[in-house]
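Numbering (UniProt numbering), first residue to last: 1 to 78. Ideal Cβ positions, reconstructed from N, Cα and C, are used throughout, including at glycine. Worksheet for the structure shown next.
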Ligand code: FES
């Protein structure tokens, strides 16, 4: 399982204690689908049934968007 996600930010996000959850931890999105990047918002639940070895694209990089299989991740300039 993998997914193609378009990122437009060009710099880092600064996190502080206000980003901590009730358990004093900061959950950083690694699935690429969060609407609250860089923080996890639970959107990763949409990836739970992704199959190993398949690459996906979610419409508008939205966990609620249509999910389709793609041949491979497209790299800019290729
Ligand atoms: S890891 Fe991406 S929303 Fe949770």
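In the DSSP output, what is residue i paired with across the bridge?
i          : result
residue 39 : 28
residue 46 : DSSP, once it has assigned bridges, lists no residue as partnering residue 46.
residue 73 : Note: residue 73 sits in no beta bridge, so no partner.
Is the beta carbon of residue i less than 8 Å from the beta carbon of residue j?
i          : j          : result
residue 29 : residue 37 : yes
residue 1  : residue 63 : no
residue 26 : residue 33 : no
residue 65 : residue 72 : no
Could you name the residues of the same chain whose beta carbon sits closer than 8 Å to that of residue i, not counting the 5 residues immediately before and after it, in chain order?
i          : result
residue 70 : 4, 55, 56, 57
residue 13 : 37, 38
residue 44 : 29, 30, 31, 33, 34, 63
When every heavy atom of ligand 1 is checked, does at least one fall within less than 7 Å of the C-beta of residue i?
i          : result
residue 7  : no
residue 90 : Nothing in the structure corresponds to residue 90, since the chain is present only between 1 and 78.
residue 25 : no
residue 41 : yes
residue 18 : no
residue 33 : yes
Between which residues of its own chain and residue i is the CB-CB distance below 6 Å, once the five residues before and five after are set aside?
i          : result
residue 67 : 56, 58
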